[in-house]
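Structure, as structure tokens:
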Amino acid sequence: MFTAENLQEVVRLFREADVDGGGGLDIEEFSEAMKELFPTTDEEDLVALHMKIDTNGDGSVDLGELTDYLVNKNKSRGHMEFFTCVEYSPASGYLLTGGTDALLRVWFPHKTLSCIQELKGHVKPITHLMLNPREKVFVSLSQDHNVRVWSEAAMICLQSFKIKEMMQSPISSVCYNTYNNELVLANTDIGKYLGRGTDVGCTPAEV
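Take 1 as the starting number for the sequence shown in full-length UniProt numbering and just add one per residue.
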């Protein structure tokens with residue numbers, strides 16, 4: 001189970017390991033932090049793990065990449081009692097988590113280990129979180145196919161809509177194309193939602 005206490009411990013380890021204050025862990029800093037979380041892992045496996053978590057390939061693991069990996073690792077083991085997804089904004093320093101209690105929680109890990117705000121609106125467990133750094137918004141999706149768009153600065157809901165054109169089976173995959181503001185979702189169907197600057201709506205995607 002990945003809980004608030006787990007997140008606080010990860011943030012603590014990250015802070016202690018980030019000795020140069022750069023906001024990312026190189027392989028040496030990463031190895032020191034991971035030895036507390038995974039004490040039986042050898043150095044070779046830690047190098048491979050660093051490469052796996054470093055999804056943007058910049059040679060360092062930031063807090064968002066680390067928490068995202070740990071949340072997904074717990075989900076794959078069937079532990080989904082609390083946090084189910086996470087997104088991090090390097091620009092603002094905010095960490096956003098979605099939970100099974102339908103709440104979004106805002107964290108500012110560089111200042112405090114406690115949740116600084118809870119965002120209400122969803123009524124079912126939150127399954128996906130995405131950031132559009134160009135538009136400065138977070139996008140959340142819940143089990144009942146409710147999509148919500150949140151302002152990164154004010155953390156208020158700017159838009160909410162229900163996915164009605166797709167089958168009601170769980171959404172298994174989501175891709176947010178931040179360059180042309182498209183949200184692509186898939187379950188037994190594939191749907192494409194077009195954002196601001198396009199014709200808003202859902203269109204069947206060609207397979």
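Virtual Cβ for every residue (Gly too), placed ideally from N, Cα, C.
Requested in this report: Hey, could you find the ends of the alpha helix (DSSP H) Glu-43 is sitting in?
Outcome: As a first step, residue 43 is located in the sequence shown; it is residue number 43 there, counting from the start. In the DSSP assignment, Glu-43 falls within the alpha helix (DSSP H) that extends over 43-53.
Query raised in the report: Ser-140 lies in the alpha helix (DSSP H); which residues open and close that run?
Result: Along the sequence shown, one-based indexing puts residue 140 at 140. Unbroken run through Ser-140 is the beta strand (DSSP E), 137-142; no alpha helix (DSSP H).
**Report entry** heavy atom of the ligand ZN below 7 Å from Cys-115 C-beta
**Finding:** Among the ligands in the structure shown, none appear at all, so the ligand ZN cannot be discussed.
Requested in this report: Quick one: give me the first and last residue of the alpha helix (DSSP H) that Ala-186 is part of.
Outcome: One-based indexing of the sequence shown puts residue 186 at position 186. For Ala-186, there is no enclosing alpha helix (DSSP H); the enclosing beta strand (DSSP E) covers residues 182-186.
Report task. Please state whether DSSP places Glu-118 in a helix, a strand or coil. Result -> If you number the sequence shown from 1, residue 118 lands on position 118. In the structure shown, Glu-118 falls within a strand segment according to DSSP collapsed to helix, strand and coil.
Query raised in the report: If Leu-63 and Pro-109 are in contact, beta carbons under 8 Å, what's the gap, nearest whole angstrom?
Result: Against the sequence shown, residue 63 aligns to sequence position 63. Against the sequence shown, residue 109 aligns to sequence position 109. Going by Cβ atoms, the distance from Leu-63 to Pro-109 rounds to 6 Å, so yes, they are a contact pair.
**Report entry** Identity of the residues DSSP links to Gly-99 by a beta bridge
**Finding:** For this step, residue 99 is matched to residue 99 along the sequence shown. Residue pairing by DSSP puts Gly-99 in a beta bridge opposite Phe-83.
Query raised in the report: For Val-86 versus Asp-68, is the C-beta distance shorter than 8 Å?
Result: In the sequence shown, residue 86 corresponds to position 86, counting from 1. In the sequence shown, residue 68 corresponds to position 68, counting from 1. Between Val-86 and Asp-68, the C-beta spacing is below 8 Å.
Query - Same chain only: Cβ atoms within 6 Å of Ile-171, ignoring 5 sequence neighbours per side - result: Counting from 1 along the sequence shown, the entry for residue 171 is found at position 171. Leu-185, Asn-187.
Requested in this report: Report yes if the CB atom of Asn-132 is closer than 8 Å to the CB atom of Tyr-88, and no otherwise.
Outcome: Here the question's residue 132 lines up with position 132 in the sequence shown. Here the question's residue 88 lines up with position 88 in the sequence shown. Contact: no.
Query raised in the report: DSSP three-state call for Thr-127: helix, strand or coil?
Result: Here residue 127 refers to the residue found at position 127 when the sequence shown is read from its first residue. Strand, per DSSP.
Query raised in the report: Can you name the start and end residues of the beta strand (DSSP E) that Ser-160 belongs to?
Result: As a first step, residue 160 must be located in the sequence shown, where it is residue number 160. For Ser-160, the enclosing beta strand (DSSP E) stretches over residues 157-162.
Report task. Identify whether Ile-190 lies in helix, strand or coil by the three-state DSSP scheme. Result -> Taking the sequence shown and counting its residues from 1, the one referred to as residue 190 is at position 190. In the structure shown, Ile-190 falls within a strand segment according to DSSP collapsed to helix, strand and coil.
Query raised in the report: Between Thr-112, Lys-111, Ser-92, Phe-82, which lies nearest to Gly-99 when the distance is taken from Cα to Cα?
Result: As a first step, residue 99 must be located in the sequence shown, where it is residue number 99. Considering only alpha carbons, the answer is Phe-82.
Query - CB contact flag (residue 220, Val-61, <8 Å) - result: The requested residue 220 is not part of the displayed model; the chain covers only 1 to 207.
Query raised in the report: Is the CB-CB distance between Asp-18 and Gly-59 below 8 Å?
Result: As a position in the sequence shown, residue 18 is number 18, starting the count at 1. As a position in the sequence shown, residue 59 is number 59, starting the count at 1. In this structure, Gly-59 does not lie closer than 8 Å to Asp-18 by Cβ.
Query - Start-to-end residues for the alpha helix (DSSP H) that takes in Ser-92 - result: Against the sequence shown, residue 92 aligns to sequence position 92. No alpha helix (DSSP H) contains Ser-92, which DSSP labels as neither H nor E.
Query - Residue from Arg-134, Glu-65, Ile-116 whose Cα sits closest to the Cα of Thr-178 - result: The residue given as residue 178 occupies position 178 in the sequence shown. The residue from Arg-134, Glu-65, Ile-116 with its alpha-carbon nearest to that of Thr-178 is Arg-134.
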